[in-house]
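Numbering (this note's numbering), first residue to last: 344 to 574.
Backbone N, C-alpha and C fix where the C-beta goes; we use that ideal spot for every residue, glycine too.
A quick note: this is a predicted structure, and the numbers were derived from the prediction, not measured.
A short write-up of the structure that comes next.
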Ligand SMILES: C[S@@+](CC[C@H](N)C(=O)[O-])C[C@H]1O[C@@H](n2cnc3c(N)ncnc32)[C@H](O)[C@@H]1O
């Protein structure tokens, strides 16, 4: 088990390191937005998209579009982004900047995500609303046709303010979590501005609040067989 955890850590850190030269300039150029995911989480998600050559990313929960913008800038894939409480100004900005490669949807991701995942286009899914436990409940309806799924907000066991979603993620066979200490040591520097802005002194305190990405293998075998077993 310890070896599996180590292999998982090395594998995912290796992917993030491989694609860091592509992702870092994007992470450093997109302005931080309220309530957004951490740059270090998006580094891993975007790196996995590049590594597995996805053609489509379906995101649920865009708010002001920090994650959306990073996804649109990193790769040449199409992005379907869903939001139930649309921020009109943000959507205007996103449509003007990324119109041709970004489809902005208004509605409930629990209903829309399964209709947008397209196995033939090799789809990665990012769930940041619903998140945590709500997102874990969606997994059975989407992972079969997805290359992989990322769920934001799966905090440490015992610190979970959102219904023990970490436990649900482990039970759902999460392959990796971005609060892996070795991942934080290697890539946590991208979150420095976020931490300073939120007033957190240590990465551990920060991650304990919520900002952890869980990665789940999808069912699209050809592209996921390289992913290691659950850690
Ligand atoms: C934390 S914010 C998203 C931040 C964004 N991913 C980023 O990094 O900038 C979560 C968003 O999810 C939306 N949301 C929550 N439940 C949802 C659902 N079932 N379907 C679609 N959007 C949802 C909320 O309205 C909120 O705007």
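Considering only their Cβ atoms, is the gap separating residue j from residue i smaller than 9 Å?
{"i": "residue 534", "j": "residue 520", "result": "no"}
{"i": "residue 376", "j": "residue 433", "result": "yes"}
{"i": "residue 407", "j": "residue 424", "result": "no"}
{"i": "residue 440", "j": "residue 394", "result": "no"}
{"i": "residue 466", "j": "residue 400", "result": "yes"}
{"i": "residue 418", "j": "residue 489", "result": "no"}
{"i": "residue 559", "j": "residue 508", "result": "no"}
{"i": "residue 410", "j": "residue 526", "result": "no"}
{"i": "residue 474", "j": "residue 449", "result": "no"}
{"i": "residue 381", "j": "residue 493", "result": "no"}
{"i": "residue 579", "j": "residue 464", "result": "Outside the shown range of the chain, which is 344 to 574, sits residue 579, and nothing can be said about it."}
{"i": "residue 456", "j": "residue 470", "result": "yes"}
May I ask you to check if the CB of residue i is nearer than 8 Å to at least one heavy atom of ligand 1?
{"i": "residue 495", "result": "yes"}
{"i": "residue 358", "result": "no"}
{"i": "residue 411", "result": "yes"}
{"i": "residue 405", "result": "yes"}
{"i": "residue 513", "result": "no"}
{"i": "residue 477", "result": "yes"}
{"i": "residue 427", "result": "yes"}
{"i": "residue 540", "result": "no"}
{"i": "residue 379", "result": "yes"}
{"i": "residue 453", "result": "yes"}
{"i": "residue 576", "result": "The question about residue 576 has no answer, for the chain in this structure spans 344 to 574."}
{"i": "residue 534", "result": "no"}
{"i": "residue 473", "result": "yes"}
{"i": "residue 557", "result": "no"}
{"i": "residue 431", "result": "no"}
{"i": "residue 402", "result": "yes"}
{"i": "residue 450", "result": "yes"}
{"i": "residue 443", "result": "no"}
{"i": "residue 516", "result": "no"}
Do you know how far the Cα of residue j is from the Cα of residue i?
{"i": "residue 371", "j": "residue 454", "result": "33 Å"}
{"i": "residue 538", "j": "residue 555", "result": "14 Å"}
{"i": "residue 421", "j": "residue 351", "result": "28 Å"}
{"i": "residue 487", "j": "residue 476", "result": "19 Å"}
{"i": "residue 491", "j": "residue 544", "result": "32 Å"}
{"i": "residue 346", "j": "residue 528", "result": "Low per-residue confidence applies at residue 346: pLDDT is 43, beneath 50, and the placement is therefore not dependable, though the value from the model is reported in the following sentence. About 19 Å."}
{"i": "residue 514", "j": "residue 497", "result": "12 Å"}
{"i": "residue 355", "j": "residue 369", "result": "19 Å"}
{"i": "residue 373", "j": "residue 414", "result": "11 Å"}
{"i": "residue 353", "j": "residue 359", "result": "10 Å"}
{"i": "residue 344", "j": "residue 443", "result": "Any reading at residue 344 must be qualified, since the residue scores a pLDDT of 32, below 50, and its modelled position is unreliable; the value itself is stated next. Spanning the two alpha carbons is a distance of roughly 45 Å."}
{"i": "residue 385", "j": "residue 495", "result": "10 Å"}
{"i": "residue 557", "j": "residue 404", "result": "16 Å"}
{"i": "residue 518", "j": "residue 542", "result": "30 Å"}
{"i": "residue 531", "j": "residue 460", "result": "30 Å"}
{"i": "residue 445", "j": "residue 524", "result": "34 Å"}
{"i": "residue 348", "j": "residue 516", "result": "A caution first: residue 348 carries a pLDDT of 48, below 50, which makes its placement in the model unreliable, though a value can still be read off. Approximately 13 Å, taken between the alpha carbons."}
{"i": "residue 574", "j": "residue 462", "result": "With a pLDDT of only 48 at residue 574, under the threshold of 50, the placement of this residue in the model should not be trusted; the figure read from the coordinates follows. Spanning the two alpha carbons is a distance of roughly 26 Å."}
{"i": "residue 452", "j": "residue 429", "result": "12 Å"}
{"i": "residue 364", "j": "residue 478", "result": "30 Å"}
For this session: Identify every run of the beta strand (DSSP E) within the stretch 373–438, keeping only runs that are complete inside it and at least 3 residues long; order them along the chain.
Result: 399–403, 421–426
Exercise. If you scan the stretch 458–494 from start to end, which runs of the alpha helix (DSSP H) of 4 or more residues do you find wholly inside it?
Worked result: 475–485
Exercise. Where are the alpha helix (DSSP H) runs, 4 residues long or more, that stay fully inside the stretch 536–561, in chain order?
Worked result: 546–552
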